[in-house]
């Protein structure tokens with residue numbers, strides 16, 4: 172597995188930036204979580220698109236050489252596309268992990284406030 176592309180910057184949704192927001196009130200954190208969640212729906216759509224691509228790549232291919240006769244793209248190009256999708260999915264997974272941690276913190280704070 173080639174992880175040489177892990178140093179890519181991803182902007183404001185970087186988990187380090189997400190982690191920095193822990194000093195907010197519960198209401199602010201819930202609102203920011205809702206706003207972040209609406210932006211994540213594209214990730215699910217991209218995952219569905221990947222499934223279609225993956226299915227087409229898994230179909231048996233006739234012919235030999237480095238070019239796929241069914242899709243007309245070289246195996247090198249296909250590999251590059253899959254590496255990009257893999258990187259995107261790794262990033263989405265990291266964001267989901269951060270969301271889970273944030274949700275757990277929100278739930279704990281809500282439970283603590285109910286006990287008071």
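Residue numbers (the numbering used here): 172 to 287.
Think of the CB as a built atom: it goes at the ideal place given N, C-alpha and C, for glycine as much as any other residue.
*Checking contacts by CB at 8 angstroms: is residue 256 closer than that to chain B?*
This model lacks chain B altogether, as it is built from one protein chain only.
*Measure the alpha-carbon distance for residue 279 versus residue 245 and round it to whole angstroms.*
51 angstroms
*Leaving out the 5 sequence neighbours to the left and right, which residues in its chain are closer than 7 angstroms to residue 283 when beta-carbon positions are compared?*
none
*Helix, strand or coil for residue 268, going by three-state DSSP, please let me know.*
helix
*For residue 200 versus residue 247, is the C-beta spacing smaller than 8 angstroms?*
no
_My assumption, with CB atoms under 8 angstroms, is that residue 197 sits in contact with residue 277. Please give the rounded CB distance._
6 angstroms
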